[in-house]
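Those protein sequence lines, which keep their order, are chains A and B.
Count along the first sequence from 1, then add 125; that gives the number in my numbering.
Count along the second sequence from 1, then add 125; that gives the number in my numbering.
Glycine included, every Cβ here is placed at the ideal spot set by N, Cα and C.
Here the structure comes first, spelled out in structure tokens, and everything after it is commentary.
There are 2 protein chains.
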Amino acid sequence: MYQFIENGSVTVPKGFKASGVFCGIKKKKKDLALIYSDTPCIAAGTFTLNKVKAAPILITRDIIEKNQKVKAVLINSGNANACTGDPGHKDALLMQKWCAESLHILPEEVLIGSTGVIGQKLPIEKLFSGINHAVENLSHHGGMDAAKAIMTTDTKIKSFAVCIQLNGGIVTLGAICKGSGMIAPNMATMLGFITTDADIEKSLLQKILLEAVDISFNKISVDGESSTNDMVLLLANGQSGISINESSDDLIIFVEALNTLCKEMAKSIVSDGEGATKLVTISVKNAKSKNDADLIGKSIANSSLVKTAIYGADANWGRILSAAGHSGAEIDPTKVSISFNELPVLLPNFNLTLDENSAHKILSLPEYVINVDIGLGSGEATWWTCDLTEDYIKINSDYRS
Amino acid sequence: MYQFIENGSVTVPKGFKASGVFCGIKKKKKDLALIYSDTPCIAAGTFTLNKVKAAPILITRDIIEKNQKVKAVLINSGNANACTGDPGHKDALLMQKWCAESLHILPEEVLIGSTGVIGQKLPIEKLFSGINHAVENLSHHGGMDAAKAIMTTDTKIKSFAVCIQLNGGIVTLGAICKGSGMIAPNMATMLGFITTDADIEKSLLQKILLEAVDISFNKISVDGESSTNDMVLLLANGQSGISINESSDDLIIFVEALNTLCKEMAKSIVSDGEGATKLVTISVKNAKSKNDADLIGKSIANSSLVKTAIYGADANWGRILSAAGHSGAEIDPTKVSISFNELPVLLPNFNLTLDENSAHKILSLPEYVINVDIGLGSGEATWWTCDLTEDYIKINSDYRS
Numbered sequence: 126m127y128q129f130i131e132n133g134s135v136t137v138p139k140g141f142k143a144s145g146v147f148c149g150i151k152k153k154k155k156d157l158a159l160i161y162s163d164t165p166c167i168a169a170g171t172f173t174l175n176k177v178k179a180a181p182i183l184i185t186r187d188i189i190e191k192n193q194k195v196k197a198v199l200i201n202s203g204n205a206n207a208c209t210g211d212p213g214h215k216d217a218l219l220m221q222k223w224c225a226e227s228l229h230i231l232p233e234e235v236l237i238g239s240t241g242v243i244g245q246k247l248p249i250e251k252l253f254s255g256i257n258h259a260v261e262n263l264s265h266h267g268g269m270d271a272a273k274a275i276m277t278t279d280t281k282i283k284s285f286a287v288c289i290q291l292n293g294g295i296v297t298l299g300a301i302c303k304g305s306g307m308i309a310p311n312m313a314t315m316l317g318f319i320t321t322d323a324d325i326e327k328s329l330l331q332k333i334l335l336e337a338v339d340i341s342f343n344k345i346s347v348d349g350e351s352s353t354n355d356m357v358l359l360l361a362n363g364q365s366g367i368s369i370n371e372s373s374d375d376l377i378i379f380v381e382a383l384n385t386l387c388k389e390m391a392k393s394i395v396s397d398g399e400g401a402t403k404l405v406t407i408s409v410k411n412a413k414s415k416n417d418a419d420l421i422g423k424s425i426a427n428s429s430l431v432k433t434a435i436y437g438a439d440a441n442w443g444r445i446l447s448a449a450g451h452s453g454a455e456i457d458p459t460k461v462s463i464s465f466n467e468l469p470v471l472l473p474n475f476n477l478t479l480d481e482n483s484a485h486k487i488l489s490l491p492e493y494v495i496n497v498d499i500g501l502g503s504g505e506a507t508w509w510t511c512d513l514t515e516d517y518i519k520i521n522s523d524y525r526s
Numbered sequence: 126m127y128q129f130i131e132n133g134s135v136t137v138p139k140g141f142k143a144s145g146v147f148c149g150i151k152k153k154k155k156d157l158a159l160i161y162s163d164t165p166c167i168a169a170g171t172f173t174l175n176k177v178k179a180a181p182i183l184i185t186r187d188i189i190e191k192n193q194k195v196k197a198v199l200i201n202s203g204n205a206n207a208c209t210g211d212p213g214h215k216d217a218l219l220m221q222k223w224c225a226e227s228l229h230i231l232p233e234e235v236l237i238g239s240t241g242v243i244g245q246k247l248p249i250e251k252l253f254s255g256i257n258h259a260v261e262n263l264s265h266h267g268g269m270d271a272a273k274a275i276m277t278t279d280t281k282i283k284s285f286a287v288c289i290q291l292n293g294g295i296v297t298l299g300a301i302c303k304g305s306g307m308i309a310p311n312m313a314t315m316l317g318f319i320t321t322d323a324d325i326e327k328s329l330l331q332k333i334l335l336e337a338v339d340i341s342f343n344k345i346s347v348d349g350e351s352s353t354n355d356m357v358l359l360l361a362n363g364q365s366g367i368s369i370n371e372s373s374d375d376l377i378i379f380v381e382a383l384n385t386l387c388k389e390m391a392k393s394i395v396s397d398g399e400g401a402t403k404l405v406t407i408s409v410k411n412a413k414s415k416n417d418a419d420l421i422g423k424s425i426a427n428s429s430l431v432k433t434a435i436y437g438a439d440a441n442w443g444r445i446l447s448a449a450g451h452s453g454a455e456i457d458p459t460k461v462s463i464s465f466n467e468l469p470v471l472l473p474n475f476n477l478t479l480d481e482n483s484a485h486k487i488l489s490l491p492e493y494v495i496n497v498d499i500g501l502g503s504g505e506a507t508w509w510t511c512d513l514t515e516d517y518i519k520i521n522s523d524y525r526s
């Protein structure tokens, strides 16, 4: 019904162009991305719950909440424009205005985002020429450049596209994202920009985006932090001519594709977590409630002791159980069982079936699943985490310098 | 009114002996500690809130809750006897029984504790001769040996004593503790054993211990984890002949000394946090409520990004503000001010007064204070944290091997 397109990006859906340029916020690398639709888009979004919100978050959220149609998203990297007060807010409005002028559209048709260091003034003068440059460079092949331009400590370009066969014809989804450190639960926990040529009305678009984000970006953990700048946006320009509504059969297929796309985006962020060498799925089953399953998954995914054990390929199921135990969820430790992929490690009543050699083989894989069966109910949750390594420390102890 | 005694320990209060011996759970180092009072003690205690509780925790908590008088505390290190099921519970009862027999007292007069690897069977046969050895070695100078014998990844012996001048005469407090990784909020978050020769009845002793632990051990963070085995015990044998009760003036002085002792113990644990090189006090003022101040202090103290910035001596106030912002507490970022010791860094309305050179000097000190003024109310909280370094990763990625 749907399939991923190799080397796909936000420019796969009809009518979307993108670019990524260097404007001088960073020392050398691309630091300004632009996504543009030649017809107006319905836009949905979800934003950081951190009480400290960067200026671009407030401006973009306002446009989304007012249900305004938009045509462009402009994102700079290298500077978060967060904790910058009134001058920062003015800078954010300026970059929005300049972009609108250069594109000959209205300022409120431009969504904006920033990522990078907190608390430093945006070098706004550099954006002026940068924005014109980004507009000039807009192209149907510019998705990868845009993906590059939103990276900070990311080591891999994160770009995707999905082709979906609906009853009415083909629609496509494209996406780029970034995020490496400061990834944590709570909601939109990085930057993600999704485009589609499907025709969907605002409230439905917002609803399916929130649901997709809840089972993807909100279920990943690199370091338990939640940034001032996180957002995920979804823009639909309708250019496929195929309309998806609440009652259409196509909705189920489209939602499934969107959910899978968001999970792939989220996993790409975890597996590129700062210093990370492993991508581990935490699958919690049979918790007392869905909420309990979520608390347990989150606690395991966030545990520094579990994450260092993952790094050391150490079958330390005790740390997994201990993390579940201090999650706040209902736990009877005698009812818990744990397995690594298909290998049972702990059975109820602390029956240990751990075969250290087999376990070590699995734990040395770049990707595996830790299954935790709580044995109390039917609540389920899936989280993704990475290991905590010396490189995380190195990256974060001198990020500013 | 009170002063710390150099090289003091649990054996400073009258009537207490202690020992620390090697029994073979660890490869070479002391791994069995015994504290003994020659007269019965009133005992207070506080225990881990982790739902996964080790066998010795359950047994000791039961004795404390039944208000039984006790004479001894036996603690092994190297093995936590946690997640060991019924066999583990039997082993814990056995170590209690053998200790009672060797001391010619009742099993319920022996409190027990364990610390070390989770999920491995206690080599109980080694404890049989070890316990006799510990009993034989009991002495009025054995406090330091006991402090050594409860260490796991600790690099420093943690032993204290305080001499308190009351109106009625002198009483003393002694203490040993351990804890290095797996230190986190929530309550008794490591092992701490406090002795006193004051005469205090149970409910008052329990009350002042809980209050002291709440402003000390419950305010420290090494890695946000909360172990299966944490406890703090306070034993009072009354041998000073000085009685302290709810209405006595001496209570205030005694409580102040106990609080200070617990804070020193807690700080000694943080500053010896796994891989830690710095001890940082997080002082939160003028939050909307006491609870909000606590949430903010906890969020900053637990933030991996703040902890790596502390390691890098990086004046990254943005990470501090961001951690406060996702603490769940009420925050208006424009009202927050931050200083390092006496050096203002951020003033309200994002007025930046950061002098990088002066800041770097303070942040290079082994101890300093991060002051965070929320500007919304009068809630206060003090937390202690350490930096997150490569060594934390090294220690925890191969702890079991």
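Proximity test, Cβ basis, 9 Å: residue 302 of chain A and chain B: No - not a single Cβ of chain B is within 9 Å of the one on residue 302 of chain A.
Reduced DSSP category for residue 308 of chain A - H, G, I as helix; E, B as strand; rest coil: The predicted model places residue 308 of chain A with a pLDDT of 46, which falls under 50 and marks its position as unreliable; any figure quoted below should be read in that light. Reduced to three states, the DSSP call for residue 308 of chain A is coil.
Chain A contacts from the stretch 411-443 of chain B (Cβ-Cβ distance under 8 Å): Under the 8 Å Cβ criterion, the stretch 411-443 of chain B contributes 427, 428, 429, 430, 433, 434, 436, 437, 439, 441, 442 and 443.
Chain A contact for residue 320 of chain B (CB, 9 Å cutoff): Contact with chain A is absent for residue 320 of chain B, since none of that chain's Cβ atoms lies less than 9 Å from the residue's Cβ.
Pair within 9 Å by beta-carbon distance, residue 419 of chain A and residue 405 of chain A: Cβ atoms of residue 419 of chain A and residue 405 of chain A: not closer than 9 Å.
Limits of the beta strand (DSSP E) - the one that residue 519 of chain A falls within: For residue 519 of chain A, no beta strand (DSSP E) encloses it; the enclosing alpha helix (DSSP H) starts and ends at 515-522.
Buried or exposed by the 16-neighbour rule on C-beta atoms within 10 Å, applied to residue 126 of chain A: Residue 126 of chain A comes out exposed.
Integer-rounded CB distance, given that residue 236 of chain A should sit under 8 Å from residue 198 of chain A: The Cβ separation is near 5 Å, so the contact holds.
Bridge-paired residues (DSSP) for residue 496 of chain B: Residue 496 of chain B is bridged to B/408 and B/464.
Three-state secondary structure (DSSP) of residue 313 of chain A: Confidence is the limiting factor: at residue 313 of chain A the pLDDT is only 30, short of 50, which leaves the residue's position unreliable, though a coordinate-based value still follows. In the displayed model, residue 313 of chain A falls within coil according to three-state DSSP, outside both helix and strand.
First and last residue of the uninterrupted alpha helix (DSSP H) at residue 482 of chain B: Note, residue 482 of chain B: alpha helix (DSSP H), 481-488.
Cβ-based burial, residue 128 of chain B [other Cβ within 10 Å; buried from 16]: Answer is exposed; the Cβ neighbour count stays below 16.
Counterpart residues of residue 153 of chain B in DSSP-defined beta bridges: None, per the DSSP bridge assignment.
Minimum Cβ-Cβ distance from residue 519 of chain A to chain B less than 9 Å: At least one beta carbon of chain B lies nearer than 9 Å to the beta carbon of residue 519 of chain A.
Residue 130 of chain A (DSSP reduced to helix, strand or coil): In this structure, residue 130 of chain A counts as coil in the three-state DSSP scheme.
Stretch-stretch touch, CB-based, cutoff 8 Å, three pairs: the stretch 415-435 of chain B with the stretch 453-472 of chain B: Three or more beta-carbon pairs separated by less than 8 Å link the stretch 415-435 of chain B to the stretch 453-472 of chain B, which places the two stretches in contact.
Boundaries (first-last residue) of the beta strand (DSSP E) holding residue 235 of chain B: Note, residue 235 of chain B: beta strand (DSSP E), 235-242.
Opening and closing residue of the beta strand (DSSP E) in which residue 285 of chain A lies: Residue 285 of chain A -> beta strand (DSSP E) spans 284-291.
CA-to-CA distance, residue 213 of chain B to residue 501 of chain A, given in whole angstroms: Taking the CA atoms as reference points, residue 501 of chain A sits about 23 Å from residue 213 of chain B.
Residue range of the beta strand (DSSP E) that includes residue 505 of chain B: That run of the beta strand (DSSP E) goes 504-511.
CB contact flag (residue 203 of chain B, residue 297 of chain B, <9 Å): For residue 203 of chain B and residue 297 of chain B, no; Cβs fall outside 9 Å.
Where residue 165 of chain B sits in the DSSP three-state scheme: Here residue 165 of chain B sits in strand by DSSP.
Straight-line Cα distance separating residue 374 of chain A from residue 368 of chain A: For the pair residue 368 of chain A and residue 374 of chain A, the Cα-to-Cα distance works out to about 11 Å.
DSSP state of residue 325 of chain A mapped onto helix, strand, coil: Residue state, collapsed to three classes: coil.
Candidates A/300, A/362 and A/254, of which the one nearest residue 133 of chain A by Cα: Out of A/300, A/362 and A/254, A/300 has the C-alpha closest to the C-alpha of residue 133 of chain A.
Residue 90 of chain A: first and last residue of the uninterrupted beta strand (DSSP E) it sits in: Since the first residue shown for chain A is 126 and the last is 526, residue 90 of chain A is missing from the structure and cannot be characterised.
Residue 172 of chain A - DSSP class collapsed to helix/strand/coil: Residue state, collapsed to three classes: strand.
Test item: CB-CB of residue 157 of chain B and residue 258 of chain B under 9 Å: Taking 9 Å as the Cβ cut-off, residue 157 of chain B and residue 258 of chain B qualify as a contacting pair.
Under the three-state DSSP convention, the category residue 431 of chain A falls into: Assignment of residue 431 of chain A by DSSP, reduced to helix, strand and coil, places it in the helix class.
Sheet register partners of residue 320 of chain B (DSSP bridge): Paired residues: B/299 and B/360.
Interface partners of residue 341 of chain B on chain A, CB under 9 Å: Simply none; closest approach about 19 Å.
Any chain A beta carbon closer than 9 Å to residue 211 of chain B: The C-beta of residue 211 of chain B comes closer than 9 Å to at least one C-beta of chain A.
Collapsed DSSP secondary structure at residue 426 of chain A in the structure displayed: DSSP places residue 426 of chain A in helix when its eight states are reduced to three.
Short-range partners of chain B found in the stretch 199-224 of chain A, where Cβ spacing is below 7 Å: Correct list: 207, 208, 209 and 210.
Backbone secondary structure at residue 141 of chain A - three-state DSSP: Strand, per DSSP.
Straight-line gap, residue 325 of chain B to residue 370 of chain B (C-alpha atoms, nearest Å): Going by C-alpha positions, residue 325 of chain B is about 6 Å away from residue 370 of chain B.
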